[in-house]
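Protein chains in written order, with this note's numbering: chain S, 42 to 242; chain L, 85 to 697; chain E, 5 to 345; chain V, 12 to 143. For glycine and all other residues, C-beta sits at the position ideal for the given N, C-alpha and C. Note that the structure is predicted; figures quoted are calculated from it, not measured. Scroll down for the structure; my scribbles are underneath it.
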Amino acid sequence: MAVHAQPSEHSTHTSTGLSNAKLGMWAFLGSECLLFGALISTFLLYRGKSLSGPTPKDVYDIPYTSVSSFVLLMSSLTMVLALAAIQRGDHPKLRVSLMATALLGMTFISGQVYEFTRFVQEGLSVRTNLFGTSFFVLTGFHGAHVTGGIIMLLSLFGMSLDGRLPTEKAEAVELVGLYWHFVDVVWIVIFTVVYLIPTGK
Amino acid sequence: MRFQRPTATTGWWSWATTVDHKRIGIMYGVTAIVFFVVGGSEALLMRLQLARPNGRILTAEAYNQLFTMHGLTMIFLVVMPLGAAFFNYMLPLLIGARDVAFPRLNAFSYWVFLFGGLFLYSSFLLGGAPSGGWFGYAPLSEQPSSHMIFYSLGLLVLGISSTVAAINFAVTIINLRAPGMSLMRMPVFVWMTLVVSFLLIFALPVLTIGLFELFFDLRFGTHFFDPNFGADPVLWQHLFWLFGHPEVYVLILPAMGIVSEVLPVFSRKPLFGYPVVVFSGIAIGFMGWGVWAHHMFAVGLGPVANSAFALSTMFIAVPTGVKIFNWMATLWGGDIRFKTPLLFSLGFIAMFIIGGLSGVTHAIVPSDYQQTDTYYIVAHFHYVLFGGAIFGLFSGIYYWWPKITGRMLSETIGKWHFWVMLIGFNVTFGPFHILGLQGMPRRIYQYAPNLGLNFWNMVSTIGSFMIALSLLIFFYNVVHTFRRGAVAGEDPWDGRTLEWSIPSPPPHYNFEELPVVHSVDDFWHRKYAEGEGGRLVPVVAGGSEADREVSTGDHGGGGHSIHMPSPSYFPLVAALGLPILCYGLIYSTILVIDGAVTLLVGLYGWAVEPSAE
Amino acid sequence: MTARSKAWLAVTAATGLTFLLSACGSSRPQDSLSPQGPEARKIDVLFKPVFWIAVGVFVLVEGLLVYALVRFRHKPGREVPAQVHGNRRLEIGWTILPTLLLAGIAVPTIGTIFSLAGKPAGNVLEVTVTGHQWWWQVEYPGLGVVTANEVHIPAGRPVYITLSSKDVIHSFWVPRLAGTQDLVPNRTNHLTIQADEPGVYLGQCKEFCGISHANMRFRVIAQTEDDFQAWARQQIQLPAPPGAEALAVMQQVGCGGCHTIGGVEGFGGIIGPDLTHFGGRTTFAGGMLENNEANLTEWFRDPQHVKPGNDMKIAPGGLPGPSGLSDDQIRALIVYLESLQ
Amino acid sequence: METVTDKDELAAHPGPKQYVLVALVLAVATAMEVGWYYLDVPHGLFVALLMFLAVLKFSLVALWFMHLRFDNSIFKRLFVTGLLLAMAVYLIVLTIFGALKWPLLVGFTAFLVVFLPIFLIVRARGRQAGPG
């Protein structure tokens, strides 16, 4: 979406004085709520309904996941700093923050890849049981969203290097930022509802 | 990568690369009508099969594919895109805008819709069309014999198209209204478009996840709906109907909007209780979220859930009834001219009342235990979606045709079309009520001769061919008047809304100067002033031109200096990626990569290309 | 013109109604409007009044519409009408009126929902029905009886049916005795049926369940208490073993792999219906066909042709298609099967 | 609804300092979550606390990093509509399935009961005014 919703399509005088692209992005995020909601509810519905193991308790590594959650959380900070930078017209700092955000995102993703492979080694795949099915598809779907965000961040970085991301186009960064933060808040919910609560004492 | 922008203004390429909302609207309309013919032919085949007991015209497998594709076609490839056609063409004209908020995104959603439809239909050549019903209940949908993989991917693609379009329309309405057009000065059709857009934005993701899970079950062996692994197949039903019920209002609200535009024009009275009609539309949109489980009364949700959903279902009838009463009050005391558009709107009201009332009878859960999954239900939703949506959309076609083509359709042929269609419709679907109550289940490719169902089935089949005839009459009307039809002029119906203030067909920049809006039905008030007691006083000749205001600081001068978004290849390229991707997901990884690359190239080119040169 | 159309509409409606009401059970064995038992009657007494209210509203509203169209149609020289923009009081009126009407209907509705959901009291017969693509397995846990596609019940006694499914979602519907209940895998639903009088009540699967959904039929056979008990007793007797010829054919076809025949060596299959008392049934093939020699002959020639998609693939090598059985072999089979009383 | 140009918005936006501050709170909240996880608290309380922290983190990111606190309220309305709609319908679905253990149920419903009325009022006011 953010890729579609270019500032170039931002009408200068609109009825509300707000940017089309930003309105569109928020509508899209509202719609995303129901998307992830459905996957999370599927996970909750099938909680403890698996006919065979492994169960969450068997495979989760909470300290590990906590760290990667923290990493994603911090990427939101660098993201918002990137926006602040371009709005101030500070392009070197913009590039640094964009790259930092992308790197943090990549750390999170590689962490997830490692987690998945470990789960598979411990005998949990999408086909094993309802837990495997609902867990992998939910978190994988989120991972795909993060990956999409990383691609957008990198292309913003590239555009900025070519000087095709002037200060007037700050909105492009803001839109990608909105998407990125949304993916982050979804993970906040997943971390609580999918990781901590099911296995908590 | 910056290659030459498309420059053609006529011919195939100009259509393939257009970002003009009017051209995209026309493409939506034409495509939808073509699919209407296809879906209709499927229906005729089914009626032939059911004309007599133990029909032998179709095999069971063929029949099941046909009724599945008939449902999918009529909902996703006919009624929704016909609505989208009017949204595209009319929305900017009605709110006094020059285009939609995201012109290229608009082209993208059309191409995705077209490719999605073709992808779905390609299944006929690739091992058989889906045969698990448009509702695709698990676990039947997961049996290989149901071919539901094309269903899951096809609807995912169509969902992308609709979501993108819905966001586009919502933003357009919120942001691109002419100066002075506050929300409560918008035409009702625009209001209904807004409600529909939000319904789609919030309802489609639910279906998307359902389809996503179904696809993973089919392709990657997950177990979302697999009872053998402890899954509960009812989950699919909740996801499906959580989308499916708002979808019903997505299908009917555009027609309601059209009717609300047509009635005032042809009774020469303002819409009775504009705020109430608007609010009831919004109310329907909201309440539409609280009734989905009335599709599942027989599943065994328990008496408490069934009672709750019975209540919510009954009370959604209230705002619907309010609309109908307001429409009748609009006609009341009017100066009613029975032009074809009005006839179709009246047909809508008359038929929709029947559909609504039968709807109430199966909100009564116990009687739904008898009626669910019988032809009584089939009757109900055809009275709502054909007698309702299709009649309403035809009303729109006859009403706006002069604006779109610059020529009038023939009134005489149009009236023939209406009467044959109305009678054919009732002869076809009226008997369904009786058949259902007398024990004919849905989705059966044959029925026993000893059930006493033979007579009304034969009647219904005859009726279905009358409907087909009425469509032929319509096509004759189109062909007959396309060159020879009377020239319409700007305002053939003495209309009330902004689109009638500009030439027919409109110039590609729509409005030379953006109008300034002072009230609902602004254009009408430029032509007529209201004396005391609401008596109308025509404004002095030429006055309508004289006192037209111009929003200051806007481009003028015959539209030459008006800057419109330029055509682009990239929406088409990006859209092309999706079906390739889907075939890949079924057949080969190479195609997946191919599709993904096409998509990304399209999006990238799109991103770096400015919307206008 | 419009007026005539609406008049015509009213006519169709009227004819429709007369047909609805003239509907009598005998000529329409699946008619939901002629209840033959208390459960179905509970629904009927709720539906018919609502139906007539709906008809009343229909006549009223369409009548008003027609009247408005006739009275206010355009006449030459008619001056432009008064521009009425709305009327708050009227609008509140026609919001509240339907609300009250619906509220009135809601009360008995909810009452009936709960009374249908409850387990019946008194001398209840318990039956378990399991849906298969595309036939019904019927068990009487209390009586040790297992049969298929025909539910024998004692007339005048409430029968509490437990519903579940082996494969996909089916739906159990005997219109004249009760409403629908779905059979959902991994779930058990319950439905009470009761017949006033002995007789045969046709039913059919209502939820689309695959290629032969249309052929998934069954019947409820209500008997007097004594006849029912006699039937049940007879169902637990073992029939005479097959003759050599019939046995040879059945072994060649491999019937035992899918079907159970009580007391016969190697016939313990559970994929298809239990055939132990096949001869005593009035129908076969999921209630699709009358149990007679002609139908059985056609069936054994090529089951797939008669009932598309069914599991009975008896062409050589267990494939679908013509079975290739000779007329003599088929006759032997039929003679034996009909002997299984 | 008042018309806000992008300039005004920018002026209203907080600077890096506030952002870092928010991030600190987020970090502490996450630390607390993991802490509670290892401390021995009754499950009901545990769930309630986690729900609370999740809501807190969610709102901080949404209100500050996504600027909902400073931007035009129409954005908030778009997003909150989706959020509450999702919570409402999925909650009902899970309740029908009987799949919600009571602490989750309590947590969610509390959340709805607190936020839904506010949201509805905001909407109603928005309706009367309407953008433009």
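Can you tell me where the beta strand (DSSP E) holding A152/E begins and where it ends?
Looking up residue 152/E in the third sequence gives position 148. From DSSP, the beta strand (DSSP E) with A152/E extends over 149–152.
9 Å is my cut-off, CB to CB: does R93/E come that close to chain L?
Within the third sequence, numbered from 1, the residue matching residue 93/E stands at position 89. It does not: the Cβ of R93/E has no partner Cβ on chain L nearer than 9 Å.
Does DSSP put R223/E in a helix, a strand or coil?
As a first step, residue 223/E must be located in the third sequence, where it is residue number 219. Strand.
Excluding the five sequence neighbours on either side, which residues of its own chain have a C-beta within less than 7 Å of the C-beta of V383/L, listed in chain order?
Here residue 383/L refers to the residue found at position 299 of the second sequence. Excluding positions up to five away in sequence, the list reads V318, Q321.
Sorted by chain position, which residues of the same chain lie with C-beta nearer than 6 Å to G217/L's C-beta, five sequence neighbours on each side aside?
Here residue 217/L refers to the residue found at position 133 of the second sequence. So the qualifying residues of the chain are T152.
If you measure from the beta carbon of F108/V to each beta carbon in chain L, is any gap under 9 Å?
As a working note, residue 108/V is residue 97 in the fourth sequence. F108/V counts as touching chain L.
As a quick exercise: from V163/E, T301/E, W139/E, K317/E, pick the residue whose alpha carbon is nearest that of G290/E.
Here residue 290/E refers to the residue found at position 286 of the third sequence. Nearest C-alpha to G290/E: W139/E.
Run the CB neighbour count on L556/L, radius 10 Å, all protein chains shown included, and call it buried at 16 or more, exposed below.
Position 472 of the second sequence, counted from the first residue, corresponds to residue 556/L. L556/L is exposed by the Cβ-count criterion.
When you compare each of V178/E, Y71/E, I57/E to G108/E by their alpha carbons, which one comes out closest?
Here the question's residue 108/E lines up with position 104 in the third sequence. Residue I57/E is the option with its Cα nearest to G108/E.
Where does R491/L sit, in a helix, a strand or coil, going by DSSP?
Sequence index remark: in the second sequence, residue 491/L carries index 407 (1-based). It is a strand residue.
Cβ closer than 8 Å: which chain V residues qualify as neighbours of L161/L?
Reading the second sequence from its first residue, position 77 is the one you call residue 161/L. Those within 8 Å of L161/L in chain V number zero; the least Cβ separation is about 27 Å.
In its own chain, which residues sit with a C-beta less than 6 Å from the C-beta of H378/L, not counting the 5 before and 5 after it?
If you number the second sequence from 1, residue 378/L lands on position 294. Excluding residues within five positions, the ones whose Cβ falls inside 6 Å are F393, T397.
Counting only beta-carbon separations shorter than 9 Å, does S91/S have a partner in chain V?
Residue 91/S sits at position 50 when you count from the first residue of the first sequence. S91/S does not count as touching chain V.
So if I threshold CB-CB distances at 9 Å, which residues from the segment 93–115 of chain S count as touching chain V?
I103, P104, S107, S110, F111, L114, M115
Does the separation of the CB atoms of H309/E and A236/E fall below 9 Å?
Looking up residue 309/E in the third sequence gives position 305. Looking up residue 236/E in the third sequence gives position 232. Cβ atoms of H309/E and A236/E: not closer than 9 Å.
If you run the structure through DSSP and keep just helix, strand and coil, what is D452/L?
Stepping through the second sequence from its first residue, residue 452/L is reached at position 368. Reduced to three states, the DSSP call for D452/L is helix.
Give me the DSSP bridge partner(s) of E143/E.
For the purposes of this step, residue 143/E is taken as the residue at position 139 of the third sequence. Paired residues: T132/E, V150/E.
Would you mind reading off the limits of the alpha helix (DSSP H) that contains S82/S?
Looking up residue 82/S in the first sequence gives position 41. The continuous alpha helix (DSSP H) containing S82/S extends over residues 61–86.
Classify D186/E as helix, strand or coil using the three-state DSSP reduction.
Sequence index remark: in the third sequence, residue 186/E carries index 182 (1-based). In this structure, D186/E counts as strand in the three-state DSSP scheme.
Among residues of its own chain, excluding the 5 on either side of P320/E, which ones have a beta-carbon nearer than 7 Å to its beta-carbon?
By 1-based counting over the third sequence, the position of residue 320/E is 316. Hits under 7 Å: G328.
Which residue comes first and which comes last in the beta strand (DSSP E) that contains E614/L?
Walking along the second sequence from the start, residue 614/L turns up at place 530. Unbroken beta strand (DSSP E) run through E614/L: 612–614.
When DSSP builds the beta bridges, which residues end up paired with P525/L?
Translated into positions along the second sequence, residue 525/L becomes position 441. The partner list for P525/L (beta bridge, DSSP) reads T458/L.
Are the CB atoms of A72/E and K353/L nearer to each other than 9 Å?
Position 68 of the third sequence, counting from 1, holds the residue named residue 72/E. Position 269 of the second sequence, counting from 1, holds the residue named residue 353/L. Their beta carbons are not under 9 Å apart, which means A72/E does not touch K353/L by this criterion.
For P158/E, which beta-bridge partners are listed by DSSP?
Counting from one through the third sequence, the residue named residue 158/E turns up at place 154. P158/E is bridged to Q227/E.
Taking only three categories from DSSP, how would you classify L206/E?
Translated into positions along the third sequence, residue 206/E becomes position 202. In the three-state DSSP reduction, L206/E falls in the strand class (E or B).
Along chain V, which residues have their Cβ under 7 Å away from the Cβ of D225/S?
Reading the first sequence from its first residue, position 184 is the one you call residue 225/S. Here the neighbours are V72.
How big is the Cα-Cα spacing for V72/V and H222/S?
Taking the first residue of the fourth sequence as position 1, residue 72/V is located at position 61. Taking the first residue of the first sequence as position 1, residue 222/S is located at position 181. Their backbone Cα atoms lie some 7 Å apart in a straight line.
Taking the C-alpha atoms as reference points, what is the distance between F470/L and T101/L?
Residue mapping note: residue 470/L aligns to position 386 of the second sequence, counting from 1. Residue mapping note: residue 101/L aligns to position 17 of the second sequence, counting from 1. Cα to Cα, the separation comes out at about 33 Å.
Does the segment 418–437 of chain L come into contact with the segment 40–52 of chain E, if we say contact requires no fewer than three beta-carbon pairs (one atom in each stretch) closer than 8 Å?
no
What do you get for S175/E, buried or exposed, if any count of 16 or more other CB atoms within 10 angstroms of its CB means buried?
As a position in the third sequence, residue 175/E is number 171, starting the count at 1. It counts as buried.
Identify the contact partners of G71/S in chain L, using a Cβ-Cβ distance below 8 Å as the criterion.
As a first step, residue 71/S is located in the first sequence; it is residue number 30 there, counting from the start. Neighbours of G71/S on chain L, chain order: I285, F286.
Can P33/E and G520/L be called in contact, C-beta distance under 9 Å?
As a first step, residue 33/E is located in the third sequence; it is residue number 29 there, counting from the start. As a first step, residue 520/L is located in the second sequence; it is residue number 436 there, counting from the start. In this structure, G520/L does not lie closer than 9 Å to P33/E by Cβ.
Please report whether the beta-carbon of V100/V lies at a distance below 9 Å from any beta-carbon of chain L.
As a working mapping, residue 100/V is identified with position 89 in the fourth sequence. Output row for V100/V: interface = yes.
May I ask you to list the residues that DSSP assigns as paired with G313/E?
Position 309 of the third sequence holds residue 313/E. Bridge partners of G313/E: none, in fact.
Taking 9 Å as the CB-CB cut-off, is C213/E touching chain L?
As a first step, residue 213/E is located in the third sequence; it is residue number 209 there, counting from the start. Closer than 9 Å: yes.
Answer with yes or no whether the minimum CB distance from R205/S to chain L is below 9 Å.
Taking the first sequence and counting its residues from 1, one reaches residue 205/S at position 164. It does; some Cβ of chain L falls within 9 Å.
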